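Peer 1: All residue numbers for the sequence shown refer to this note's numbering, where the first residue is 68 and numbers rise by one.
Glycine included, C-beta positions come from ideal geometry on N, C-alpha and C.
Quantities reported herein were computed from a predicted structural model and do not represent experimental measurements.
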Amino acid sequence: RYDDAYHYQRIFLPLIKQEADTDRKLKESQVYEHVMVRWDTGLNKRQIAYFVLPRVDVDAKIMPGDELRLSTLDRTWDAVGNVLKVPDNIGDELSLQLKLGTKNIPLDTSNGFRVECVWKSTSFDRMRNALTTFAIDSNCMSHYIYSTLLGYPMRETNTNRPVVLPRRITAPNLPELNSSQVSAVRIAIGSQISLIQGPPGTGKTVTSATLVYHLVKATRAKVLVCAPSNIAVDQLTEKIHKTGLKVVRVYSKSREVVESTVQFLSLHLQMLGNAELNKLQKLKGETGELSDKDERRYRSLRVQVEQELLSSADVVCTTCVGAGDPRIGKLKFRVVLIDESTQAIEPECLIPIVMGCKQLVLVGDHCQLGPVVMSKDVAAAGLSSSMFERLIALGLRAHRLQVQYRMHPILSAFSSNIFYEGSLQNGVSPVDRIMSEMEFPWPNIEKPMFFFNTCGSEELAGSGTSFLNRAEAQTVEKITTQLLKGGVKPEQIGIITPYEGQRSFLVQHMQSTGSLPIKLYQAIEVASVDAFQGREKDFVIMSCVRSNEHQGIGFLKDPRRLNVALTRAKYGLIIVGNAKILAKQPLWNHLLHHFAESGLLMDGPLTRLHPSTVDLPKLKRLHNPTPVGGRYLESTLLEAHSALMPGVESRRHNMVGGGHPLAHIDPMTLHDPVHAFYPDAIRRAAAATNMQMPACLLIPNMLTQEQFMPWMMVPGGRQADRGYSQGMSQGMSQGLSQASYNLSQNSGYMGNLSQGSDYSAQMSQGDYM
68 RYDDAYHYQR IFLPLIKQEA DTDRKLKESQ VYEHVMVRWD TGLNKRQIAY
118 FVLPRVDVDA KIMPGDELRL STLDRTWDAV GNVLKVPDNI GDELSLQLKL
168 GTKNIPLDTS NGFRVECVWK STSFDRMRNA LTTFAIDSNC MSHYIYSTLL
218 GYPMRETNTN RPVVLPRRIT APNLPELNSS QVSAVRIAIG SQISLIQGPP
268 GTGKTVTSAT LVYHLVKATR AKVLVCAPSN IAVDQLTEKI HKTGLKVVRV
318 YSKSREVVES TVQFLSLHLQ MLGNAELNKL QKLKGETGEL SDKDERRYRS
368 LRVQVEQELL SSADVVCTTC VGAGDPRIGK LKFRVVLIDE STQAIEPECL
418 IPIVMGCKQL VLVGDHCQLG PVVMSKDVAA AGLSSSMFER LIALGLRAHR
468 LQVQYRMHPI LSAFSSNIFY EGSLQNGVSP VDRIMSEMEF PWPNIEKPMF
518 FFNTCGSEEL AGSGTSFLNR AEAQTVEKIT TQLLKGGVKP EQIGIITPYE
568 GQRSFLVQHM QSTGSLPIKL YQAIEVASVD AFQGREKDFV IMSCVRSNEH
618 QGIGFLKDPR RLNVALTRAK YGLIIVGNAK ILAKQPLWNH LLHHFAESGL
668 LMDGPLTRLH PSTVDLPKLK RLHNPTPVGG RYLESTLLEA HSALMPGVES
718 RRHNMVGGGH PLAHIDPMTL HDPVHAFYPD AIRRAAAATN MQMPACLLIP
768 NMLTQEQFMP WMMVPGGRQA DRGYSQGMSQ GMSQGLSQAS YNLSQNSGYM
818 GNLSQGSDYS AQMSQGDYM
């Protein structure tokens, strides 16, 4: 909760500044020397430099659209260009298109070049501008949304004209919705703020596209659709376009040279439909420059055509940062939908909202990975908590999509019961997810998954900041080769590992030692858990890497990262790791018990697998110290069978997530912020000024409007509900305020908006603008 908009601004500005400084240092630290370059000419007659960069285990990655500076070692020539393509495999070339008008290019030179990453402040400048707008202009959004973001949710009143919806909620050329999806669409259309939680494989993108279609038809307003990454925006844009709505996709200038599946919908290509502008554009490309008169006409016509296309569109799609583009800035958007909102930091979500929003839809899943924050101090201070999570903490209810269509039912069981209280239903049957024609030594063909126990040691990667495990890499190569020999195509396989050192080693190891043609291994995607969020593969192999007695398991402790890793596979999942070491962590111990009780915790060579004899510790309580919107509690899971009782069966037994019967459970142990609230809980929450964020495990269950009204169970009714949420939000705000103040004191940042501070771009800025 914030005193006012200026208080909100003072909290977030120092956090943004320190995050920018961290990002800048990481970006500018990437320098490569003695690079060999191959020159070519693109279709637009611009010069393209191709070169191979060494694999370096750094946190900041080069993305399509990023700017790089290419220069000779003696600095007699340098130029800036945009990355067209990033290599997927060892030895692949990166392509860099030089800026228009670059002169004196040393085309006859192929070696002795230097490559530097160019840091841009655009992302952080736009977040700062959004915070300023929010602070000085209370009319930048509806009063209801404005008050809610400050932490004072009002009773929602319908100030809009009545919305008449069809009896069947469908959209042209999109799949039929299930009941939970239909309910989410209906609730969102009738609400000024709505939260839609989309667990893995539940059709979040189709639901969002259908919702956008009906928002346009029902409100007749232009809808602004955003997401933190370009990939997520492109996926949703493609679905919305199928409905027949008029869609314009706005890319940043640096991304206009990068190919995409919806490029034909982009603003910069639709503009070429104007004959005069197209002619001037071609002339400029051929000659490199126009006469003064033609240049003035070109710029004037370009602005005119841009505004005509944007004004006539039903839907404008861009990233959250892209919403701050001056080309869009002249427009007002009454309706805003932000997909993958749980992966965006709050000031990032604020950018599209301050553009006149009166109806806001946030879509995401706070049980999966949250925003990427480079500074550990800033993350600890609260910037890693999304707006979606904070609104839940304030008492707003998220509507959960409840039918998953991705995974074989056996693959979804653990995630459903541990992270979603057993509420996920399976929209596919085991028969739908069995490849009968493939040959692979599954321990149980009816349960296509297993944990492959290994005892190899971890070691530091070459960078000294990441880890690799050679024994696991050898095992992963054998499994991959067996899948390929069994009839699985390389494009169907995904290999996930939490460490860049292991990712690089796996790519190199498989291509150098695999018994099959190298092209097969090159076509297999090897990536981090974060890179796989929102995506799927038919078969997933996970390499855990960590194997030590005393240093812990690092990234693997993050329950949300584990949830993502477990839910990417459609047909089969294989986890490779040291069970003895991983079992020391309570959540992993529950997972290993789940595999062991199913006879799927295996030892031995791949062709002669047998049940492992590893001695797993007894199951302990899973601690949930800081669930956003929940409370400081423990969730008692006595043993694997009850913890993993199927959701339908657990409801039949009047149980939550396989736990104790409701009649005997303390209401305070239910992971639902609107179930029951006692005075001592309110006092505890209000006093929690140092609440850590983001959420950890067992995120609260958000009931739908079709379910019973939980406040009827509580003496005091709705007032008890409101009192708790106010206490919780006040504690969160105080903790964030104090942490932010400490950061500003340490960095000496005074928050002077009159100074053009240097703000850095997001870690993968090319994908976020």
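DSSP on N520, reduced to helix/strand/coil?
Peer 2: Correct three-state label for N520: strand.
Peer 1: Taking the C-alpha atoms as reference points, what is the distance between V403 and H661?
Peer 2: Cα to Cα, V403 sits roughly 42 Å from H661.
Peer 1: How many angstroms separate the CA atom of A202 from the CA atom of K651?
Peer 2: For A202 and K651, the distance between alpha carbons rounds to 48 Å.
Peer 1: Using a Cβ-Cβ cut-off of 7 Å (strictly less than) and excluding sequence neighbours within five positions of A390, which residues of its own chain qualify?
Peer 2: So the list reads L291, C293, I418, P419 and M422, once near-sequence residues are dropped.
Peer 1: Are F79 and E413 close, meaning C-beta to C-beta below 8 Å?
Peer 2: In this structure, E413 lies closer than 8 Å to F79 by Cβ.
Peer 1: State buried or exposed for I477, treating a residue as buried only when at least 16 other CB atoms are found within 10 Å of its CB.
Peer 2: Answer is buried; the Cβ neighbour count reaches 16.
Peer 1: Rounded to whole angstroms, how far is the Cβ of H308 from the Cβ of V329, which I believe are closer than 8 Å?
Peer 2: Correct: roughly 7 Å between the Cβ atoms.
Peer 1: Tell me which residue opens and which closes the alpha helix (DSSP H) that E558 is part of.
Peer 2: Taken as a continuous stretch (DSSP letters only), E558 belongs to no alpha helix (DSSP H), as it is neither H nor E.
Peer 1: Kindly indicate the opening and closing residues of the alpha helix (DSSP H) around M505.
Peer 2: M505 -> no alpha helix (DSSP H), and no H or E assigned at all.
Peer 1: Can you tell me where the beta strand (DSSP E) holding N615 begins and where it ends?
Peer 2: Note, N615: premise wrong, no beta strand (DSSP E); not H, not E.
Peer 1: Since Q549 contacts L673 with CB under 8 Å, what's their CB separation in whole angstroms?
Peer 2: So it is a contact: roughly 6 Å between Cβ atoms.
Peer 1: Along the chain, where does the alpha helix (DSSP H) that runs through A538 open and close?
Peer 2: First-last of the alpha helix (DSSP H) with A538: R537 to K552.
Peer 1: Are the beta-carbon atoms belonging to G462 and P220 less than 8 Å from one another?
Peer 2: Contact: yes.
Peer 1: Ignore the nearest five residues each way along the sequence and tell me which others in Y365's own chain have a CB closer than 8 Å to its CB.
Peer 2: Hits under 8 Å: L344, L347, Q348, K351 and L357.
Peer 1: Quick check: the region 636-647 against the region 598-608, are there 3 or more CB pairs under 8 Å?
Peer 2: Counting Cβ pairs under 8 Å, three or more are found: they touch.
Peer 1: Which class does R17 belong to by DSSP, given the choice of helix, strand or coil?
Peer 2: Residue 17 falls outside the range modelled here, since the chain spans only 68 to 836, and no answer is possible.
Peer 1: Do the region 183-190 and the region 134-148 meet, that is, are 3 or more Cβ pairs less than 8 Å apart?
Peer 2: A contact exists between the region 183-190 and the region 134-148.
Peer 1: Output needed for Y73: all residues of its chain with C-beta closer than 7 Å, excluding positions within five of it in sequence on either side, in chain order.
Peer 2: Once the five neighbours on either side are set aside, the close Cβ partners of Y73 are A202.
Peer 1: So, are the CB atoms of V382 and V279 less than 8 Å apart?
Peer 2: Yes, these two residues count as a Cβ contact at 8 Å.
Peer 1: On a CA-only basis, which of S209, Y213 and L303 is nearest L241? Give me that one, please.
Peer 2: Considering only alpha carbons, the answer is L303.
Peer 1: List the endpoints of the continuous beta strand (DSSP E) containing H210.
Peer 2: First-last for H210: H210 to L217, but that is the alpha helix (DSSP H), not the beta strand (DSSP E).
Peer 1: Have a look at G265, T199, S665 and N520 and flag the residue whose alpha-carbon is nearest the alpha-carbon of P539.
Peer 2: Looking at the sequence itself, residue 539 is Glu, so the reference to Pro does not match. Nearest of G265, T199, S665 and N520 to E539, Cα basis: N520.
Peer 1: So if DSSP puts P678 in a beta bridge, which residue, or which two residues, is it bridged to?
Peer 2: M669.
Peer 1: Give every residue of the same chain whose Cβ lies closer than 7 Å to the Cβ of L820, excluding the five residues on either side of it in the sequence, and list them in chain order.
Peer 2: Interpretation of L820 is limited by its pLDDT of 34, a score under 50 that renders its predicted location unreliable; the figure taken from the coordinates is listed afterwards. Correct list, in chain order: T199.
Peer 1: Entirely within the region 121-193 and at least 3 residues each: give me those beta strand (DSSP E) ranges in chain order.
Peer 2: Qualifying beta strand (DSSP E) stretches, in chain order: 134-139, 145-152, 161-165 and 180-184.
Peer 1: Taking the alpha-carbon of S533 as reference, which of I546, P565 and F507 has the nearest alpha-carbon?
Peer 2: Checked all of I546, P565 and F507; the closest Cα to S533 is P565.
Peer 1: Can you list, in chain order, the residues of its chain with a C-beta nearer than 7 Å to that of M502? Leave out the 5 residues immediately preceding and following it.
Peer 2: So the qualifying residues of the chain are Y638.
Peer 1: Do three or more CB pairs link the region 465-475 to the region 484-493 at distances below 8 Å?
Peer 2: They touch, by the three-pair rule.
Peer 1: Tell me the start and end of each unbroken beta strand (DSSP E) in the region 457-482 that is at least 3 residues and wholly inside, in chain order.
Peer 2: Entirely contained in the region 457-482, the beta strand (DSSP E) runs reaching 3 residues are, in chain order, 465-467.
Peer 1: Would you please state the rounded distance, in angstroms, between the beta carbons of H433 and I263? I believe it to be under 8 Å.
Peer 2: 12 Å between Cβ atoms; not a contact.
Peer 1: Here's the rule I'm using: 16 or more other beta-carbon atoms within 10 Å means buried, otherwise exposed. How should Y791 be labelled?
Peer 2: Residue placement at Y791 is flagged as unreliable, the pLDDT there being 36, under the threshold of 50; the coordinate-derived value follows with that caveat. Buried.
Peer 1: Could you please give the first and the last residue of the uninterrupted beta strand (DSSP E) stretch that includes K604?
Peer 2: Note, K604: beta strand (DSSP E), K604 to S610.
Peer 1: DSSP three-state call for R113: helix, strand or coil?
Peer 2: It is coil, neither helix nor strand.
Peer 1: Given this structure, state the Cα-to-Cα distance separating L689 from L654, to the nearest angstrom.
Peer 2: Roughly 7 Å separates the two Cα atoms.
Peer 1: Compute the distance between the beta-carbons of M338 and R363, then report whether it is under 8 Å.
Peer 2: No, these two residues do not count as a Cβ contact at 8 Å.
Peer 1: Determine the extent of the alpha helix (DSSP H) in which G272 is found, giving its start and end residues.
Peer 2: Reading off the sequence, residue 272 comes out as Thr, not Gly. Unbroken alpha helix (DSSP H) run through T272: K271 to T286.
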